[in-house]
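Residue numbers (our numbering), protein chains in the order written: chain E, 1 to 376; chain S, 1 to 276.
Encoded as structure tokens, the structure appears first; notes follow it.
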């Protein structure tokens, strides 16, 4: 698609700079440019633009979005700001813009931003799915990796995985990656990034699936700067339709912040014949403070045998809470896959494991969560 | 005038791992039982604060926990020492008795345990017990790092199931090496060695760069049953293979194996021990 750009930028030097970038970018041409909003609204239609780059860092910047939408109903609006602010980004999208870009931008950033919003369609921001487990060894990393693949296959939309385990992030092993950049660098750099530049921290692992890996060696800090982690998640939301976040087990600043900000939190527990259900119960009690807990907190048990509706019902009864999905024990397939750096659902797409993961993916796609920009 | 006695600090053994569900609690409860059976004064501390299983595995209903002890320590008046032993829960089976400092009952209490205070608890218990055994979580947290420093022996547990676990075991063992502890302080213990896996123990030892100190056999059934019954394997008569292996492990920790070997093998055995 060719983009005919209307550029609205009040700063003279910036206007020159961005005009140059737009004209140098393949498939983009500058149709018109204005320093004055009234001129842009009244005169730009003559040039029939289909993409408007709008500087919203000016008085009533947000209000301008609606005016431009009415003046140019056929054009997509991309807001521009000097630096990334989750608040601005979310508000501008709510007001009807397609996305938000940091200026000055490069041609590649412009292309990626436009590609992202074309792919994501009109809806604002990814759903964030956080996978919490009371104790370790829950099977959630396996679940996340396979679920991400399933979601991407079914929706053909971009899915991101964030491995927020700062000590023993396993996602790199699951996908057989040797990441150059991990969550530690992403969190460190997040203040200087925009969504388009953040994208390069994610490593593509399959069609429409990318991973931000955890640390290769233990990070000795008990916690990371939580506000930056939140910012990172918020920024990632404009890159994907779904973001699956693997958090360290138990209640810690990382897992709490991620869960609080999530569209949905999945509590994942592996059945192992000891006290797992008691642990899940106790952890559930903490989440019961959420007003919409039944809607937002979903329980999953892994290694459930036999993996049938009766087991699911019994688990729900013992727990006193609905069980959203159960995953069978397929140790051989899972370990075989992990050893090869492949996905269990790819090796054996016909297995009960794949079937249950697909069911969970359908559940997620079908629920049409309310998008929670408010939570960012 | 009283006779001056030097204060004695007991042995601290920490059970640590970098992968979860490797059997830390099973092994620590059994080791506590076996040491107690041998007549030692033993305290088992559950510092898997949020989701600790020591009280579950021993079917205890603690009246006071580490959180109560912390509260008492914060409120203590100058000169009046809090007696940590008053916050313990006894475990008794036939004539064997040892004590447990239980993990907090409530999650918010667990979340609010301060690492420095927790270390004070261990130091106090050291003065009263021959052995203080500490069960932990699988992470390099502030508390765990302090515990590793303080410990006489760190039992670093692992299992060989699939690649991610082994990767984490390697990361853990390398991190421990970086801390420059004496070599014989860190003891690599492999649990469930006969578990279904295609990865050989030799390969893992090569990867870790050292042999396992002790290998425990896989006996999921016996382990699960003992958890259900609330009785550690070593306290059961008609022992299981795993129970025997656990006893052997304790014997090695308490050096009894050397006494026995000395008797059986005669005078040349010390050579075999050095070069063997």
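All C-beta atoms in this analysis are idealised placements derived from N, C-alpha and C, irrespective of residue type, glycine included.
Drop a sphere of 10 angstroms on the beta-carbon of residue i, count the other beta-carbons inside from all chains shown, and report buried for 16 or more, exposed for fewer.
i	result
residue 268/S	Interpretation of residue 268/S is limited by its pLDDT of 42, a score under 50 that renders its predicted location unreliable; no figure is taken from the coordinates.
residue 97/E	buried
residue 267/E	buried
residue 250/E	buried
residue 220/S	exposed
residue 191/S	buried
residue 16/S	buried
residue 259/S	Any reading at residue 259/S is ruled out, since the residue's pLDDT is 45, under 50, leaving its predicted position unreliable.
residue 92/S	exposed
residue 280/E	buried
residue 6/S	exposed
residue 179/S	exposed
residue 264/S	Reliability of the predicted coordinates at residue 264/S is poor, the pLDDT of 40 falling under 50, and the value obtained from them is presented with this limitation in mind. By the neighbour-count rule (16 or more Cβ atoms within 10 Å), residue 264/S is not buried but exposed.
residue 37/S	buried
residue 314/E	exposed
residue 28/S	buried
residue 139/E	buried
residue 184/S	exposed
residue 390/E	Outside the displayed span of chain E (1 to 376) sits residue 390/E, for which this structure offers no information.
residue 157/S	buried
residue 59/E	exposed
residue 74/S	exposed
residue 6/E	buried
residue 334/E	buried
residue 61/S	exposed
residue 275/S	In this predicted model, residue 275/S has a pLDDT of only 40, less than 50, meaning its place in the structure is not dependable enough to derive any value.
residue 211/S	exposed
residue 140/S	buried
residue 291/E	exposed
residue 394/E	This structure cannot speak to residue 394/E, because chain E is shown only from 1 to 376.
Would you please state the rounded distance, in angstroms, between the beta carbons of residue i and residue j? I believe it to be under 8 angstroms.
i	j	result
residue 179/E	residue 172/E	6 angstroms
residue 9/S	residue 127/S	6 angstroms
residue 159/E	residue 148/E	5 angstroms
residue 22/S	residue 215/S	The pair is not a contact, with the Cβ atoms about 13 angstroms apart (cut-off 8 angstroms).
residue 188/S	residue 213/S	5 angstroms
residue 82/E	residue 103/E	7 angstroms
residue 235/S	residue 54/S	The pair is not a contact, with the Cβ atoms about 15 angstroms apart (cut-off 8 angstroms).
residue 278/S	residue 339/E	It is not possible to answer for residue 278/S, since the shown part of chain S is limited to 1 through 276.
residue 216/E	residue 165/E	In fact, because the Cβ distance is near 12 angstroms, the residues do not count as touching under 8 angstroms.
residue 186/S	residue 13/S	Incorrect: roughly 12 angstroms between the Cβ atoms, too far for contact.
Whose CA, out of the options, lies closest to the CA of residue i?
i	options	result
residue 286/E	47/E, 58/E, 269/E and 134/E	134/E
residue 47/E	72/E, 176/E and 177/E	72/E
residue 11/S	213/S, 61/S, 149/S and 224/S	149/S
residue 167/E	359/E, 58/E, 214/E and 40/E	214/E
residue 49/E	253/E, 128/E, 77/E and 58/E	77/E
residue 284/E	89/S, 181/S and 107/S	107/S
residue 66/E	271/E, 295/E, 92/E and 208/E	92/E
residue 356/E	305/E, 116/E and 119/E	305/E
residue 192/E	210/E, 212/E, 209/E and 232/E	232/E
residue 88/S	132/S, 175/S, 151/S and 244/S	132/S
residue 194/E	155/E, 80/E and 226/E	80/E
residue 174/E	19/S, 218/S, 167/S and 250/S	167/S
residue 4/E	105/E, 16/E, 45/E and 13/E	45/E
residue 226/S	42/S, 58/S, 251/S and 143/S	58/S
Taking any Cβ of chain E, which residues in the segment 12 to 25 of chain S have a Cβ under 8 angstroms from it, in chain order? Cβ contacts with chain E: 18, 19, 20 and 21.
Counting only Cβ-Cβ distances shorter than 7 angstroms, please list the residues of the segment 38 to 58 of chain S near chain E, keeping chain order. 50, 51, 53 and 56
Chain-ordered residues of the segment 91 to 123 of chain S with a beta carbon less than 7 angstroms from chain E: So the close ones are 107 and 111.
Please list the residues of the segment 159 to 177 of chain S that have a C-beta atom closer than 7 angstroms to any C-beta atom in chain E, keeping them in chain order. 161, 162, 163, 164, 167, 168, 171 and 175
Could you tell me whether the segment 94 to 102 of chain S touches the segment 45 to 56 of chain S, where touching means 3 or more Cβ pairs closer than 8 angstroms? The segment 94 to 102 of chain S makes contact with the segment 45 to 56 of chain S: 3 or more CB pairs, one atom from each, lie closer than 8 angstroms.
When you check each C-beta in the segment 244 to 267 of chain E against every C-beta of chain S, which residues fall closer than 8 angstroms? 248, 249, 250 and 251
Chain-ordered residues of the segment 128 to 149 of chain S with a beta carbon less than 8 angstroms from chain E: 137, 138, 139, 140, 141, 142 and 145
Near-chain E residues of the segment 219 to 235 of chain S (beta-carbon distance less than 7 angstroms), N- to C-terminal order: 224 and 227
What residues in the segment 272 to 289 of chain E have a beta carbon less than 8 angstroms from any beta carbon of chain S? Listed by position, the residues of the segment 272 to 289 of chain E near chain S (Cβ gap below 8 angstroms) are 272, 273, 274, 275, 278, 279, 282, 283, 285 and 286.
Pull out every residue of the segment 337 to 352 of chain E whose Cβ sits closer than 8 angstroms to any Cβ of chain S, in chain order. 338 and 339
Members of the segment 160 to 182 of chain E that neighbour chain S once the beta carbon cut-off is set at 8 angstroms: 167, 168, 170, 173 and 174
So, do the segment 231 to 243 of chain E and the segment 191 to 198 of chain E have three or more beta carbon pairs nearer to each other than 8 angstroms? yes
I'd like to know if the segment 107 to 117 of chain S and the segment 25 to 39 of chain S are in contact, where contact means that at least 3 CB-CB pairs between them fall below 8 angstroms. no
Quick test of the definition: if touching needs 3 or more C-beta pairs under 8 angstroms, does the segment 59 to 73 of chain E touch the segment 17 to 30 of chain E? Because the criterion of three Cβ pairs below 8 angstroms is not met, the segment 59 to 73 of chain E and the segment 17 to 30 of chain E do not touch.
Determine contact between the segment 345 to 358 of chain E and the segment 312 to 330 of chain E, defined as no fewer than three beta-carbon pairs at a distance below 8 angstroms. A contact exists between the segment 345 to 358 of chain E and the segment 312 to 330 of chain E.
Name the residues in the segment 45 to 77 of chain E whose C-beta lies less than 7 angstroms from a C-beta of chain S; which are they? none
Taking beta-carbon pairs under 9 angstroms, can you tell me which members of the segment 307 to 318 of chain E lie near chain S? none
Got a sec: which bits of the segment 124 to 136 of chain E sit with their beta carbon under 8 angstroms from any beta carbon on chain S, in order along the chain? 134, 135 and 136
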